[in-house]
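Structure below.
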């Protein structure tokens with residue numbers, strides 16, 4: 001069995017300011033300062049801009065933007081890794097992406113959403129890479145909202161080395177139950193912990209349903225928020241474990257039987 005290590009995870013649940021990057025960046029900095037001794041803090045999908053699908057040039061950021069550098073400075077000063085959603089200016093257009101900054105302030109390549117939902121398909125380009133990102137010396141598979149509902153995405157990330165899954169979301173009514181089931185299912189079927197950060201509030205004609213949580217590798221909910229509260233949830237999880245025995249899902253797969 002691979003030796004275990006413990007990570008302290010925090011998910012943030014709140015309503016970002018609509019198209020207010022300065023306010024939202026300030027909230028991230030405040031959030032990092034408020035949860036000292038957390039290894040990784042996770043904010044919801046598109047948190048830097050709010051849930052927007054139009055006039056994206058006004059709210060999109062490039063990787064070398066000074067505002068991203070300011071978040072990297074904050075991560076370095078507090079030794080906290082950060083995952084937060086934002087609108088990325090990328091090759092040929094805009095992406096619904098995740099910003100991944102390590103504890104030492106290293107800004108990783110953007111993680112681009114591969115499975116877009118609804119009006120997002122008209123606003124964003126789809127990402128075409130599924131690969132874990134390394135934060136806190138841990139390989140992490142990042143799921144962006146709708147991607148949580150595709151078992152293939154999580155399984156691919158775990159087969160490619162992910163030891164932990166993180167799902168950031170702007171999930172809205174009437175789909176709350178879908179993500180609660182999916183969060184525990186993705187953790188259980190891959191035998192890895194999962195952190196789920198969803199937003200609340202209303203924006204762009206949607207009402208968002210919160211219920212952020214941290215789920216253990218057996219599907220047990222370790223910490224959770226309700227569907228409307230503003231706040232954070234924190235839990236310690238063990239990573240780098242492989243279950244072995246009767247419930248070793250990965251070790252007992254028979255890929256030769258499965259259709260692609």
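Residue numbers (full-length UniProt numbering): 1 to 260. Every residue, glycine too, gets a C-beta built ideally from N, C-alpha and C. Model, not experiment: these values are computed from the prediction.
Classification of residue i by the beta-carbon crowding that lies within 10 angstroms, buried from 16 upward
| i | result |
| --- | --- |
| residue 118 | exposed |
| residue 258 | exposed |
| residue 122 | exposed |
| residue 91 | exposed |
| residue 1 | Note that residue 1 has pLDDT 43, beneath the 50 cutoff, so the model's placement of it is unreliable and the number below is only indicative. Looking at its Cβ environment, which holds fewer than 16 other Cβ atoms inside 10 Å, residue 1 is exposed. |
| residue 75 | buried |
| residue 216 | buried |
| residue 228 | exposed |
| residue 120 | buried |
Residue i versus the options, residue with shortest Cα-Cα distance
| i | options | result |
| --- | --- | --- |
| residue 43 | 145, 109, 108 | 145 |
| residue 137 | 126, 62, 81, 196 | 81 |
| residue 65 | 40, 259, 99, 78 | 99 |
| residue 179 | 148, 192, 199, 204 | 148 |
| residue 167 | 154, 143, 174 | 143 |
| residue 131 | 218, 39, 120, 110 | 110 |
| residue 107 | 71, 115, 93, 77 | 71 |
| residue 218 | 120, 185, 52 | 185 |
| residue 165 | 105, 94, 18, 238 | 238 |
| residue 251 | 102, 190, 200 | 190 |
| residue 52 | 157, 88, 79, 160 | 88 |
| residue 162 | 126, 194, 172, 170 | 194 |
| residue 104 | 113, 78, 96 | 78 |
| residue 101 | 151, 133, 255 | 133 |
| residue 235 | 93, 24, 213, 97 | 213 |
Residue range of the beta strand (DSSP E) that includes residue i
| i | result |
| --- | --- |
| residue 238 | 231-239 |
| residue 190 | No beta strand (DSSP E) holds residue 190; the alpha helix (DSSP H) holding it covers 176-190. |
| residue 165 | 164-169 |
| residue 41 | 40-42 |
Beta-ladder partner(s) of residue i, from DSSP
| i | result |
| --- | --- |
| residue 84 | 99 |
| residue 124 | Looking at the DSSP assignment, residue 124 forms no beta bridge with any residue, so it has no partner. |
| residue 134 | 139 |
| residue 8 | 236 |
| residue 215 | 194, 221 |
| residue 94 | 89 |
Reduced DSSP secondary structure (H/G/I, E/B, other) of residue i
| i | result |
| --- | --- |
| residue 54 | coil |
| residue 115 | coil |
| residue 15 | coil |
| residue 206 | strand |
| residue 253 | coil |
| residue 225 | coil |
| residue 20 | coil |
| residue 195 | strand |
| residue 28 | helix |
| residue 200 | coil |
| residue 146 | helix |
| residue 48 | coil |
Residue interval of the alpha helix (DSSP H) (run including residue i)
| i | result |
| --- | --- |
| residue 153 | 151-159 |
Proximity test, residue i beta-carbon vs the ligand ZN heavy atom, cut-off 6 Å
| i | result |
| --- | --- |
| residue 91 | Of ligands this structure carries none, so the ligand ZN is not represented either. |
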